[in-house]
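K.L.:
Residue numbers (this note's numbering), protein chains in the order written: chain Y, 1 to 270; chain P, 1 to 269. We put the CB at the ideal spot given by N, CA and C, even for glycine.
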């Protein structure tokens, strides 16, 4: 035992020693969940509504093989992702350029920014009933809600990014008579990009949250629909799998954004 | 090099320039009838206590702000806006962090207008390397600003200032944040390149008396609130010699302490 431990590379051994204590806690919790909780030891909740680890594993396999509600599991993920990506992309394509213009041109900003500033703190969920009345419960309504959420965030983030461009950068541009085009693309945009990126990441995370919420209300496919529908028949283990999947996709999206950010904004934070 | 291109002769003249700023209690007079001139090819420094309006003077010559009354003339023409005939070096290096040093130095020529002559990409690259060489940054061309020390960033900013070949150079305490050793070498470098790169008129702002005496032909001492020119010193050592020859002279030490004493009396204790 000690001989084989000594043969491990140092880092692997250190990792094992770091990972062992938390893993043992997780293992213990899973054992309690699997064998003690079904005995009804949690007051106020019926034991079968709490599920079990083995039940969750079985549900994950079943969902993976048979799908849910006539759609494969991947179809649900894809439907949610597609709605989010569409609403977010339209929001970014309009929000970033408009934000840069409104931040750069104080007069134009004075007309519109107070209105957007008033709308932004309203939770996107509050718009859902309005959007349902306007557009019904189809795809467009869901994409529109996501657009509203992401657009206001990205727009105001871009405005704030432009406003934080150091005044000396503008003076540098004025000294050498840069054109408006060069000022915008050689000074303002790169300088504002780090803050724009933060707002894009936040907007993406919010969009992902909002797509699930909008699917809870009315949808035939999507991860929000999956957990809502499964919960109506008390299929708690499937709900767990759906929630975990929502978290997993959300984290993956954020990692992709972080990787792009690190690549594009190599000078930030140095 | 023909430094004296765009504006003909590059004399700087302030003709009874006053500037007041709007405040809540009405106007505050920042500069009161300031008049002086800097001849083409000379280096003049304005020193004075904080808040005396020395940066305001520089901003008016640059065209970033306009006098309330009076006139600022550069090369005989009234200043109405910023322009490439008056290069500006900021308090901080103000390099664009997303660009390499090479691209930062190329910036004024690549994206600017009205610099007097167009350069082909090959000529521009050659000019960038020439100026990087003259500030000792030839090997740093591909570094980003965050990869360089403060002194190197200052050198890069100086190269960017020089490449536009502006006949007038305006410098707003550009070396104030550097350590003593680096500051001294930047002063020497500035003196050297200004002398070797043709006729440049330099207006320099500092609160460091020694720096003023080391680099300039003329020193203007200002008082605060309102800002006035109290004294004009013609620097006898010309600001043209090796600093070691200058700082060891008794008259240098004498003049330096005289000016420091005078400045100290201006600052309320």
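Which residues bound the alpha helix (DSSP H) around residue 178(P)?
P.N.:
In the second chain, residue 178(P) corresponds to position 178, counting from 1. Run containing residue 178(P): none; DSSP gives neither H nor E here.
K.L.:
Go through its chain and collect everything with a Cβ distance to residue 8(P)'s Cβ below 6 Å, but skip five positions before and after it.
P.N.:
Within the second chain, numbered from 1, the residue matching residue 8(P) stands at position 8. With a pLDDT of only 46 at residue 8(P), under the threshold of 50, the placement of this residue in the model should not be trusted, and no figure is reported.
K.L.:
Check the C-beta distance from residue 227(P) over to residue 53(P) and give it rounded, since I have them as a contact under 8 Å.
P.N.:
For the purposes of this step, residue 227(P) is taken as residue 227 along the second chain, with counting starting at 1. For the purposes of this step, residue 53(P) is taken as residue 53 along the second chain, with counting starting at 1. Right, the Cβ-Cβ distance comes to about 3 Å (below 8 Å), so this counts as a contact.
K.L.:
Between which two residues does the beta strand (DSSP E) holding residue 270(P) run?
P.N.:
Any property of residue 270(P) remains undetermined from this structure, which presents chain P solely from 1 to 269.
K.L.:
Is DSSP giving residue 266(Y) helix, strand or coil here?
P.N.:
The residue labelled residue 266(Y) in the question sits at position 266 within the first chain. Of the three classes helix, strand and coil, the one that applies to residue 266(Y) here is coil, per DSSP.
K.L.:
Under 8 Å by Cβ, that's how I've got residue 48(P) and residue 171(P) pegged, so tell me the actual separation to the nearest angstrom.
P.N.:
In the second chain, the residue the question calls residue 48(P) occupies position 48. In the second chain, the residue the question calls residue 171(P) occupies position 171. Their Cβ separation, rounded to whole angstroms, is 15 Å, which puts residue 48(P) and residue 171(P) out of contact at 8 Å.
K.L.:
With a CB to CB cut of under 8 Å and the five nearest residues on each side skipped, what residues in its chain are close to residue 170(Y)?
P.N.:
Stepping through the first chain from its first residue, residue 170(Y) is reached at position 170. Correct list, in chain order: 183 and 187.
K.L.:
Inspect the beta-carbon positions of residue 137(P) and residue 87(P) and report whether they are closer than 8 Å.
P.N.:
Position 137 of the second chain, counting from 1, holds the residue named residue 137(P). Position 87 of the second chain, counting from 1, holds the residue named residue 87(P). No, the pair does not count as a contact, with Cβ atoms beyond the cut-off.
K.L.:
Under 8 Å by Cβ, that's how I've got residue 23(P) and residue 206(P) pegged, so tell me the actual separation to the nearest angstrom.
P.N.:
Mapped onto the second chain, residue 23(P) falls at position 23. Mapped onto the second chain, residue 206(P) falls at position 206. Contact doesn't hold; Cβ gap of about 27 Å is too wide.
K.L.:
For residue 64(P), return the contacting residues in chain Y, with the cut-off set at a CB-CB distance below 8 Å.
P.N.:
As a position in the second chain, residue 64(P) is number 64, starting the count at 1. Simply 171 and 174.
K.L.:
Against chain P, with Cβ distances strictly below 8 Å, would residue 263(Y) count as a contact?
P.N.:
Within the first chain, residue 263(Y) is the residue found at index 263, counting from 1. No, its Cβ sits nowhere closer than 8 Å to a Cβ of chain P.
K.L.:
Using beta carbons (cut-off 8 Å, strictly below), is residue 186(Y) in contact with chain P?
P.N.:
Against the first chain, residue 186(Y) aligns to sequence position 186. It does: the Cβ of residue 186(Y) has a partner Cβ on chain P nearer than 8 Å.
K.L.:
Less than 8 Å between CB atoms is the rule here; does residue 200(Y) satisfy it with respect to chain P?
P.N.:
Position 200 of the first chain holds residue 200(Y). Not closer than 8 Å to any Cβ of chain P, the Cβ of residue 200(Y) fails to qualify, so no.
K.L.:
Look at residue 195(P) and residue 215(P) and say whether their C-beta atoms are less than 8 Å apart.
P.N.:
In the second chain, residue 195(P) corresponds to position 195, counting from 1. In the second chain, residue 215(P) corresponds to position 215, counting from 1. No, the Cβ-Cβ distance between residue 195(P) and residue 215(P) is not below 8 Å.
K.L.:
Three-state secondary structure (DSSP) at residue 135(P)?
P.N.:
Within the second chain, the letter at position 135 stands for residue 135(P). Three-state result, residue 135(P): coil.
K.L.:
Shorter than 8 Å from the beta carbon of residue 260(Y) to some beta carbon of chain P?
P.N.:
In the first chain, residue 260(Y) corresponds to position 260, counting from 1. Not one chain P Cβ lies under 8 Å of residue 260(Y).
K.L.:
With a CB to CB cut of under 8 Å and the five nearest residues on each side skipped, what residues in its chain are close to residue 205(Y)?
P.N.:
In the first chain, residue 205(Y) corresponds to position 205, counting from 1. Counting only Cβ-Cβ distances below 8 Å, and skipping sequence neighbours, we find 250, 253 and 254.
K.L.:
Using a beta-carbon distance below 8 Å, is residue 267(Y) in contact with chain P?
P.N.:
Your numbering for residue 267(Y) matches position 267 in the first chain. Yes, its Cβ sits closer than 8 Å to a Cβ of chain P.
K.L.:
Please classify residue 225(Y): does DSSP put it in a helix, a strand, or coil?
P.N.:
As a first step, residue 225(Y) must be located in the first chain, where it is residue number 225. Correct three-state label for residue 225(Y): helix.
K.L.:
Below 9 Å between beta carbons is the criterion; list the residues of the stretch 87-120 of chain P that meet it against any residue of chain Y, in chain order.
P.N.:
From the stretch 87-120 of chain P, only 87, 88, 90, 91, 92, 94, 96, 97, 98, 99, 107, 108, 109, 110, 111, 112, 113, 114 and 115 have a Cβ closer than 9 Å to chain Y.
K.L.:
Taking 8 Å as the threshold (C-beta atoms), are residue 145(Y) and residue 122(Y) in contact?
P.N.:
In the first chain, residue 122(Y) corresponds to position 122, counting from 1. In the first chain, residue 145(Y) corresponds to position 145, counting from 1. It is not a contact, given that the beta carbons lie outside the stated cut-off.
K.L.:
Looking at the C-beta of residue 164(Y), does it have a partner C-beta in chain P at a distance below 8 Å?
P.N.:
Within the first chain, residue 164(Y) is the residue found at index 164, counting from 1. Cβ-Cβ to chain P under 8 Å: no for residue 164(Y).
K.L.:
Pull up the distance between the alpha-carbon of residue 27(P) and that of residue 19(P), whole angstroms please.
P.N.:
Your numbering for residue 27(P) matches position 27 in the second chain. Your numbering for residue 19(P) matches position 19 in the second chain. Cα to Cα, the separation comes out at about 10 Å.
K.L.:
Taking residue 91(P) as part of the alpha helix (DSSP H), name the residues at either end of that continuous run.
P.N.:
For the purposes of this step, residue 91(P) is taken as residue 91 along the second chain, with counting starting at 1. First-last for residue 91(P): undefined, no H or E at that position.
K.L.:
If we count the other Cβ atoms within 10 Å of its Cβ and call it buried at 16 or more, is residue 66(Y) buried or exposed?
P.N.:
As a first step, residue 66(Y) must be located in the first chain, where it is residue number 66. Exposed, by the Cβ-count rule.
K.L.:
How long is the line joining the alpha carbons of residue 213(P) and residue 219(P), rounded to whole angstroms?
P.N.:
Here residue 213(P) is taken as the residue at index 213 of the second chain, counted from 1. Here residue 219(P) is taken as the residue at index 219 of the second chain, counted from 1. Taking the straight line joining both Cα atoms gives about 7 Å.
K.L.:
Reducing DSSP to helix, strand and coil, say where residue 276(P) ends up.
P.N.:
This structure gives no information on residue 276(P), because the portion of chain P shown stretches from 1 to 269.
K.L.:
Just how far apart, CA to CA, sit residue 179(P) and residue 243(Y)?
P.N.:
Position 179 of the second chain holds residue 179(P). Position 243 of the first chain holds residue 243(Y). Distance between the alpha carbons of residue 179(P) and residue 243(Y) is about 57 Å.
K.L.:
Ignore the nearest five residues each way along the sequence and tell me which others in residue 243(P)'s own chain have a CB closer than 8 Å to its CB.
P.N.:
On the second chain, residue 243(P) is found 243 positions in, with the first residue counted as 1. Cβ within range, chain order: 184, 187, 188 and 214.
K.L.:
Quick one, which residues of the stretch 160-186 of chain P are near chain Y if we go by CB-CB under 8 Å, in chain order?
P.N.:
For the stretch 160-186 of chain P, which is checked against every Cβ of chain Y, the residues closer than 8 Å are 164.
K.L.:
In three-state DSSP terms, what is residue 68(Y)?
P.N.:
Locating residue 68(Y) in the first chain gives position 68, counting from the first residue. Residue state, collapsed to three classes: strand.
K.L.:
Residues of chain P with a CB under 9 Å from the CB of residue 283(Y): which are they?
P.N.:
This structure does not reach residue 283(Y), given that chain Y is present from 1 up to 270, and the question cannot be answered.
K.L.:
How would you list, in chain order, the residues of chain Y whose beta-carbon sits under 9 Å from the beta-carbon of residue 83(P)?
P.N.:
Numbered from its first residue, the second chain carries residue 83(P) at position 83. The contacting residues are 174, 175, 176 and 177.
K.L.:
Under the criterion of a Cβ to heavy atom distance below 7 Å, does residue 119(P) qualify as lining the ligand FMN?
P.N.:
Only the bare structure without any ligand can be found here, which leaves the ligand FMN out of the picture.
K.L.:
Starting from the beta carbon of residue 182(Y), find every residue of chain P whose beta carbon is closer than 8 Å, and list them in chain order.
P.N.:
Locating residue 182(Y) in the first chain gives position 182, where the first residue counts as 1. What residue 182(Y) touches in chain P: 111.
K.L.:
The alpha helix (DSSP H) spanning residue 351(P) covers which residue range?
P.N.:
This structure cannot settle anything about residue 351(P), because the visible part of chain P is limited to 1 through 269.
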